[in-house]
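Sequential numbering from 13 applies to the sequence shown in the numbering used here. Read the structure below first, then the notes.
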Amino acid sequence: MTSTAPIDATLIPPGLRNLDLEAIATEFGTPVFVYDEDDLRRRCREYVSAFGTDSVAYAGKAFLCTAMARLVAEEGLHLDCATGGELYAALGAGVPPERIVLHGNNKSDAEIAQALDAGVGRIVVDSFDEIDRLERLATRAVSVLVRVTPGVEAHTHEYIETGTEASKFGFTLTDGVALRAVGRIVAAEHLLFSGLHFHIGSQIYRLDAFARAIERIATLAAAAHADLGVSVDELNVGGGLGARYLPEDPELVVADHAAALRRATKDCWDQVGLSDAPRVMVEPGRSIAAPAALTLFRVGTVKQIPGIGTYVAVDGGMSDNPRPVLYGAGYETYLPARVAAERPLACSIVGKHCEQGDIVVADARLPEGLAVGDLLAMPATGAYGYSMASNYNKVPRPAVVFVRDGVARVVVRRETFDDLVRLDVE
Ligand code: LLP
Numbered sequence: 013m014t015s016t017a018p019i020d021a022t023l024i025p026p027g028l029r030n031l032d033l034e035a036i037a038t039e040f041g042t043p044v045f046v047y048d049e050d051d052l053r054r055r056c057r058e059y060v061s062a063f064g065t066d067s068v069a070y071a072g073k074a075f076l077c078t079a080m081a082r083l084v085a086e087e088g089l090h091l092d093c094a095t096g097g098e099l100y101a102a103l104g105a106g107v108p109p110e111r112i113v114l115h116g117n118n119k120s121d122a123e124i125a126q127a128l129d130a131g132v133g134r135i136v137v138d139s140f141d142e143i144d145r146l147e148r149l150a151t152r153a154v155s156v157l158v159r160v161t162p163g164v165e166a167h168t169h170e171y172i173e174t175g176t177e178a179s180k181f182g183f184t185l186t187d188g189v190a191l192r193a194v195g196r197i198v199a200a201e202h203l204l205f206s207g208l209h210f211h212i213g214s215q216i217y218r219l220d221a222f223a224r225a226i227e228r229i230a231t232l233a234a235a236a237h238a239d240l241g242v243s244v245d246e247l248n249v250g251g252g253l254g255a256r257y258l259p260e261d262p263e264l265v266v267a268d269h270a271a272a273l274r275r276a277t278k279d280c281w282d283q284v285g286l287s288d289a290p291r292v293m294v295e296p297g298r299s300i301a302a303p304a305a306l307t308l309f310r311v312g313t314v315k316q317i318p319g320i321g322t323y324v325a326v327d328g329g330m331s332d333n334p335r336p337v338l339y340g341a342g343y344e345t346y347l348p349a350r351v352a353a354e355r356p357l358a359c360s361i362v363g364k365h366c367e368q369g370d371i372v373v374a375d376a377r378l379p380e381g382l383a384v385g386d387l388l389a390m391p392a393t394g395a396y397g398y399s400m401a402s403n404y405n406k407v408p409r410p411a412v413v414f415v416r417d418g419v420a421r422v423v424v425r426r427e428t429f430d431d432l433v434r435l436d437v438e
């Protein structure tokens, strides 16, 4: 980052732009995740209006707590759970089970039983071993989607690219593997084949890969129709829409994405001679949660190294957001006390963990005169931050605050030192 310009205020969630963030930090402590509840709701509604009712499942892995599960349910979304733990949280929050989709590439007997007992709406099968387990455990009808790896590249970080042949997820189209999986579901007594699923990756800006994936999936749909006499009612295209982290990042329009997906599905189904194009479903996580929050940190140390540069150390780091370390992800930062200030100070913002790699922003820009005790804000941290947080170095996880109509409330409390040893049995 080389510009000395002030923060691009459009990166700050609208409901937090004119808020006294210093007061929030004083009341709730730092680090703290602050979500703009109206912005979360607006993004949920944008998806529902673009894709239709019962066609959007929020991907809980991006950020899940009781308040978030309730919010997405209130907005009419379904919830995608990837583990028994996410399922437990969703059910505990009161999400109607029929609006839950269970994912996972290695679901255990216990997780499958938990989902069947609860009566979840859909299970997305990922392997033949799982189909064996599901057949054994299901005693009444359950809707099943077959996850397919369409073999396309998604132009994103390799760790979050999941649609290639080499992916650990789903069934490949090669050698009729995915078709065999569909056949197994169709033949099973209690498993209802509802459709196909793919997820090509996350943080995707170039959306052309979706149409290529649909083209390949349509050939499977045609084969399933010809060989097994079944049609695909639902086509779940996963999540993946990129979020805007930096000023230069694009702001993708959900309605355009929805229209392009529907068009591609219709065209591809036509091309393979199928008349009944499926309902397109989607599973966004990041694009709903990421832009709706920021993290507040307190600056604790400012260190100048002659001839090298400046380190600004804050009271969090890789334990509340491992994304910079894992994926080299970039973020913007600013001082809420001086939102409109130029930012001539080139520095590295680092955390408090015992690792040189504990980077918050490698090449940050902050205002001149930055001092110990200043409050620092980092926008676009609403997804895959809190949900991937850890207790590394026995650092308690931050509180999560929702703001609505200018009023802040804690929805997840900060961990205490007692919490850090509560699992120790001797
Ligand atoms: N559906 C499935 C089956 C998924 O695996 C994922 C994300 C989603 C939906 C939601 O994708 P989204 O809309 O959030 O892109 N920790 C990484 C991201 C991992 C994504 C995992 N799967 C990161 O921080 O970039």
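Here a beta-carbon is modelled for each residue, glycine too, at the ideal position from N, C-alpha and C.
Counting C-beta atoms within 10 angstroms of its own C-beta, arginine 421 has fewer than 16 neighbours from the protein chains shown and is therefore classed as exposed. As DSSP reads the structure, proline 391 sits in a beta bridge with Leu306. Remark: the C-beta of tyrosine 59 is outside contact range of the ligand LLP, defined as less than 7 Å to any heavy atom.
Note on proline 318: under 16 other CB atoms within 10 angstroms of its CB, so exposed under the neighbour-count rule. In this structure arginine 409 is buried. Its beta-carbon is surrounded by 16 or more other beta-carbon atoms within 10 angstroms. Of all C-beta pairs linking the segment 189-200 to the segment 131-142, three or more are shorter than 8 Å, placing the two stretches in contact. Measuring C-alpha to C-alpha distances from lysine 119 to each of Gly97, Arg57 and Gly104 identifies Gly97 as the nearest. At a threshold of 7 Å, proline 296 counts as near the ligand LLP, since its beta carbon sits closer than that to one of the ligand's heavy atoms. Relative to the ligand LLP, the beta carbon of arginine 224 is positioned no closer than 7 Å to any heavy atom.
In terms of Cβ geometry, glutamate 49 and valine 266 do not form a close pair [threshold 8 Å]. Closest by C-alpha distance to alanine 21, out of Glu227, Tyr346 and Pro108, is Tyr346. Around the beta carbon of alanine 271, a 10 Å sphere encloses fewer than 16 other beta carbons of the protein chains shown; the residue is thus reported as exposed. Glutamate 165 sits away from threonine 151, with the two beta carbons spaced by 8 Å or more. For the options Ala276, Gly397, Thr307 and Glu427, the alpha carbon positioned closest to that of alanine 389 is the one of Thr307.
By the C-beta density criterion, cysteine 359 is buried, having at least 16 other C-beta atoms within 10 angstroms.
Glutamine 368 carries a coil assignment under DSSP once its states are collapsed to helix, strand and coil.
Runs of the beta strand (DSSP E) lying entirely within the segment 102-132 and spanning at least 3 residues, in chain order: 112-114. Between the segment 30-38 and the segment 63-70 there are fewer than three C-beta pairs closer than 8 Å, too few to call the two in contact. Taking alanine 302 as the centre and dropping the five residues before and after it, the same chain places the C-beta of Ala255, Ala392, Gly394 and Ala395 closer than 6 Å to its C-beta, in chain order. In the three-state scheme derived from DSSP, where H, G and I count as helix and E and B as strand, lysine 315 is classed as strand.
Counting the other Cβ atoms within 10 Å of the Cβ of proline 296 gives 16 or more, which makes it buried.
When beta bridges are read from the DSSP output, phenylalanine 140 appears opposite no residue.
Taking non-hydrogen atoms of the ligand LLP into account, the C-beta of glutamine 126 is found less than 7 Å away from none of them. For the options Ile371, Leu378, Pro336 and Val372, the alpha carbon positioned closest to that of proline 356 is the one of Leu378. Relative to the ligand LLP, isoleucine 361 has its C-beta separated by 7 Å or more from all heavy atoms.
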